[in-house]
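Below is one structure; the comments refer to it alone.
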Amino acid sequence: MQKLALRPLAPTFLMCLAVSACSPELSSTDNFSLEVPESPPTEQSVSALRGRFERGVVLHLDGKDYFVKGPMIDGKRDQPGHTWIDLGHGQLLGLHVNTGPLGAPSWWATGEPDGELLYIVQAQVDTWSERKLAFYRRQGFVHYHHLVTTDTNRPHPTKVLWMRHFAVRSFYFDGGPRPWLAHQVQPGLDRDYQPNAKFRYPPKEEFLYVGAVDKGGLDPDFISVIGTDETDPSTYGKIIHRTDLTQIGDEVHHYGYNITQTRLLVPGLFSGRMHLLDIETDPRHPTLVEQHDDLVPSTGYIVPHTVIALPNGGYMVTMIGANTPSTGPGGVVELDEHARFVRYVGPGPNRSPNTAPPEYMYDIGLNLIRNRAITTSFGLPGNVAPGITVPGLGDEINVWDWKNQQIIQTVKIGAGTGPLEVRWLHEPGTTIGYTNAPGSSEIWMWSDVDGDGVYDFRPAITLPPFSIPTDIIVSHDDRFLYVSNWFGNSVHQYDITDPFNPVLTAQVPIPWAQMLRLSHDGKRLYVSNSLLSTWDDDEFPPGIIRNTGYGMWKIDIADPVNGGMAIDPNFFVDFDHVQKQNTIGPARPHQAFLDPGIAIGFGDH
1278 MQKLALRPLA PTFLMCLAVS ACSPELSSTD NFSLEVPESP PTEQSVSALR GRFERGVVLH
1338 LDGKDYFVKG PMIDGKRDQP GHTWIDLGHG QLLGLHVNTG PLGAPSWWAT GEPDGELLYI
1398 VQAQVDTWSE RKLAFYRRQG FVHYHHLVTT DTNRPHPTKV LWMRHFAVRS FYFDGGPRPW
1458 LAHQVQPGLD RDYQPNAKFR YPPKEEFLYV GAVDKGGLDP DFISVIGTDE TDPSTYGKII
1518 HRTDLTQIGD EVHHYGYNIT QTRLLVPGLF SGRMHLLDIE TDPRHPTLVE QHDDLVPSTG
1578 YIVPHTVIAL PNGGYMVTMI GANTPSTGPG GVVELDEHAR FVRYVGPGPN RSPNTAPPEY
1638 MYDIGLNLIR NRAITTSFGL PGNVAPGITV PGLGDEINVW DWKNQQIIQT VKIGAGTGPL
1698 EVRWLHEPGT TIGYTNAPGS SEIWMWSDVD GDGVYDFRPA ITLPPFSIPT DIIVSHDDRF
1758 LYVSNWFGNS VHQYDITDPF NPVLTAQVPI PWAQMLRLSH DGKRLYVSNS LLSTWDDDEF
1818 PPGIIRNTGY GMWKIDIADP VNGGMAIDPN FFVDFDHVQK QNTIGPARPH QAFLDPGIAI
1878 GFGDH
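Under the working numbering, the first residue of the sequence shown is numbered 1278, with each subsequent residue one higher.
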């Protein structure tokens, strides 16, 4: 067996992965073997090589240049805290120092100073299979799904990065946003570090969770489980389970995972009740395990909306309004793992909305590398909850210094615009993102091209007159922006390769199109069609009720590179004739989540 070595400084621990000999790329066959070094690498064994490690290593694969996914810093792309030597043949030798998620401080090892060497890393680019997964894990390797990318962060179509970590000292690894990884590390091979052990690759959803609001007033709302495996026609596009809440009138709207994806926190938008569902025991049959109505009296806020999973096992929740005569101002709260109040994030509700921002609150999007968060408006509950309104919509977009949890910039984008969803691009360290403004039929964008921390805001897309864009979503490769047009009964696809100049590439009809959920590979887009019960039932214009039927559709993305959309004729979930707890009849589907086998990123919602 040939040895792959650095010359003339070849440490004894360098290994060769091969079928029969080291080759430029590993064969896709599973009949391969690994020559394991007799002794693990040590800090001393790489000391002579320190000058050769660099950030932004280039991987020469398939005749092209690839990179280790991460932010672009000083013209180089890489994972924060890592430097590398390229050994060729898709093999890397790396150093991993203490640094936080996406470059934020004090995360990997809270007891060690930032910059302290924690691991020596051996890495191999290879394809993925179930047998390779078992093989590599026996040798102490873990796989990283999407870390082999083009310069624009587009993942390699078949390759993943396999790594194994040799600790150079003892320390406590705190797990960060993946707390199930927390453990005490001893010098040598760290077999406990398995960030992808919970998830299969390539990820493809097998079912959805979809929240639904009863229409009729005789049944509680529920979380439905919908099959998405096209190889199983008995479940494909069908409700295969229903988990009822306990009381009538919650208005299930937005909800979210905890960080380990073992619980769903389901707020009642109108009731303020908090419901925790166990999805670890049997993910296809969620079970209600906790419920309480402490949120409003303990916080002074009302109308819980966006749920963000926190690394400590708790949650961050945006609150659209306050328990005041004006139903304002809105704010953000932190909850523990039982969804009970811990503290305010930013100011509390006992303030004048005119003197201490934010006045409005709706959605939140985090950007840890830039130490920024964006929050939006919709409108105060007393103005927007009763029915469709334009004058009652808010107009604020707020930029936060996230470490200090202070608003540093407030932008008014126009009376009655009602900015809703916060969607940063996925590019690490991006300064670009979008929000939909239904009151003005526009998609707005923010950017900080010069990097001075002050964001510029401008309309990026103007839809046809009388359009109401009620949801947007960005593909994981930042190639496409999808827009649901509730009034236009359609879903639009825009090419945002140039994010400042979106180009419409496709449009399909969906009645009262509303919430969107895109698969991680960008090939399947799920669409529901209920906005809010009081808006669904409103007459706008007078004499025309907005929603008269409920369902869920799947759109196939014809080409995730060049675009194009087509409705899957074999997938339609009928929400007009649902067996509910007490009756059969319509229910209103809103937010959908991919099954917990699809890993969420920090801040996903």
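Glycine included, every Cβ here is placed at the ideal spot set by N, Cα and C.
Values in this document were obtained by computation on a predicted structure and should not be read as measured data.
Limits of the unbroken alpha helix (DSSP H) element including residue i
{"i": "ALA1411", "result": "1407-1415"}
{"i": "ASN1778", "result": "From DSSP, ASN1778 is part of no alpha helix (DSSP H); its letter is neither H nor E."}
{"i": "THR1811", "result": "1810-1813"}
{"i": "PRO1658", "result": "1658-1661"}
{"i": "PRO1472", "result": "It is not in any alpha helix (DSSP H) - PRO1472 carries neither H nor E in the DSSP assignment."}
{"i": "PRO1574", "result": "1572-1576"}
8 Å CB neighbourhood of residue i in its chain, flanking five on each side removed
{"i": "THR1811", "result": "ALA1662, PRO1663, GLY1664"}
{"i": "ASN1627", "result": "GLY1577"}
{"i": "PRO1696", "result": "TYR1639, THR1653, SER1654, PHE1655, GLY1671, ASP1672, GLU1673, ILE1674, ILE1690, THR1712, ASN1713, ALA1714, TRP1721"}
{"i": "PHE1476", "result": "HIS1422, GLY1874, ILE1875, ALA1876"}
CB of residue i within 8 Å of CB of residue j, strictly
{"i": "TYR1413", "j": "ILE1877", "result": "no"}
{"i": "LEU1670", "j": "THR1707", "result": "no"}
{"i": "SER1761", "j": "GLN1791", "result": "yes"}
{"i": "VAL1584", "j": "HIS1530", "result": "no"}
{"i": "VAL1751", "j": "HIS1797", "result": "no"}
{"i": "GLY1577", "j": "ASN1600", "result": "yes"}
{"i": "VAL1487", "j": "MET1829", "result": "yes"}
{"i": "TRP1721", "j": "PRO1736", "result": "yes"}
{"i": "MET1596", "j": "GLY1608", "result": "yes"}
{"i": "ASN1824", "j": "SER1805", "result": "no"}
{"i": "TRP1439", "j": "GLN1463", "result": "no"}
{"i": "ASP1521", "j": "ALA1864", "result": "no"}
{"i": "ASN1473", "j": "VAL1419", "result": "yes"}
{"i": "PHE1443", "j": "GLY1465", "result": "yes"}
Nearest neighbour of residue i, chosen from the options [CA to CA]
{"i": "GLN1368", "options": "THR1739, LEU1336, GLU1611, LYS1341", "result": "LEU1336"}
{"i": "VAL1619", "options": "TYR1592, TYR1803, ILE1745", "result": "TYR1592"}
{"i": "VAL1676", "options": "ALA1633, PRO1479, THR1652, GLY1659", "result": "THR1652"}
{"i": "PRO1742", "options": "PRO1581, PHE1764, TYR1732, VAL1731", "result": "PHE1764"}
{"i": "THR1687", "options": "TRP1723, PRO1715, GLY1716", "result": "TRP1723"}
{"i": "LEU1458", "options": "ARG1540, TYR1470, SER1501", "result": "TYR1470"}
{"i": "GLY1352", "options": "THR1429, ALA1325, LEU1808", "result": "THR1429"}
{"i": "GLU1636", "options": "GLY1598, VAL1573, ILE1500", "result": "GLY1598"}
{"i": "PHE1879", "options": "TYR1803, PRO1658, ASN1681, ILE1641", "result": "ILE1641"}
{"i": "ASP1881", "options": "ARG1794, ASP1391, PRO1837", "result": "ARG1794"}
{"i": "GLY1452", "options": "THR1426, TRP1385, SER1548", "result": "TRP1385"}
{"i": "TRP1405", "options": "GLY1388, LYS1436, PRO1390, GLY1392", "result": "LYS1436"}
Host beta strand (DSSP E) of residue i (start-end)
{"i": "ASN1238", "result": "Examination of residue 1238 is not possible in this model, given that the chain is present from 1278 through 1882 alone."}
{"i": "THR1712", "result": "1710-1714"}
{"i": "THR1595", "result": "1592-1599"}
{"i": "VAL1490", "result": "1484-1491"}
{"i": "THR1652", "result": "1649-1652"}
{"i": "GLU1320", "result": "First-last for GLU1320: undefined, no H or E at that position."}
{"i": "ASP1798", "result": "Looking at the DSSP string, ASP1798 is not in any beta strand (DSSP E), and its letter there is neither H nor E."}
{"i": "PRO1739", "result": "Reading the sequence as shown, one finds Thr at residue 1739 and not Pro. Element bounds for THR1739: 1733-1739."}
{"i": "PHE1547", "result": "Taken as a continuous stretch (DSSP letters only), PHE1547 belongs to no beta strand (DSSP E), as it is neither H nor E."}
{"i": "THR1240", "result": "Nothing in the structure corresponds to residue 1240, since the chain is present only between 1278 and 1882."}
{"i": "ARG1865", "result": "1864-1871"}
{"i": "GLY1371", "result": "1368-1374"}
Bridge-paired residues (DSSP) for residue i
{"i": "LEU1553", "result": "LEU1542, GLU1567"}
{"i": "PRO1786", "result": "SER1767"}
{"i": "GLU1507", "result": "Its beta-bridge partners do not exist; DSSP assigns none."}
{"i": "MET1829", "result": "SER1805, VAL1850"}
{"i": "PHE1618", "result": "LEU1612"}
{"i": "ARG1519", "result": "SER1501"}
{"i": "LYS1689", "result": "GLU1673"}
{"i": "GLN1682", "result": "According to DSSP, which records beta bridges pairwise, GLN1682 is partnered with nothing at all."}
{"i": "LEU1336", "result": "TYR1343"}
{"i": "ASN1762", "result": "PRO1746, SER1767"}
{"i": "MET1722", "result": "TYR1711, ARG1735"}
Same chain, Cβ closer than 6 Å to residue i, neighbours up to 5 away in sequence not counted
{"i": "ILE1525", "result": "PRO1497"}
{"i": "ASP1872", "result": "GLU1482, GLU1483, PHE1484"}
{"i": "ARG1461", "result": "A small correction: the amino acid at residue 1461 is Gln; Arg does not occupy that position in the sequence shown. The residues are TYR1449."}
{"i": "VAL1345", "result": "ASP1355, GLN1356, LEU1424"}
{"i": "ILE1745", "result": "PRO1715, TRP1763, PHE1764"}
{"i": "ALA1692", "result": "ASP1672"}
{"i": "ASP1555", "result": "THR1564, VAL1566"}
{"i": "VAL1334", "result": "TRP1361, ASP1363"}
Below-8 Å beta-carbon distance, residue i vs any chain D residue
{"i": "ILE1525", "result": "The chain inventory of the structure shown lacks chain D, comprising one protein chain alone."}
Cβ shell of residue i (< 7 Å), same chain only, five flanking positions each side left out
{"i": "ARG1468", "result": "GLY1417"}
{"i": "THR1774", "result": "ARG1756"}
{"i": "PRO1717", "result": "The sequence as given places Ser at residue 1717; Pro does not occur at that position. Within the same chain, SER1717 has close Cβ partners GLY1691, THR1694."}
Check: residue i C-beta below 7 Å from any heavy atom of the ligand MN
{"i": "VAL1580", "result": "In the structure shown, the ligand MN is absent, as is every other ligand, since no ligand is present at all."}
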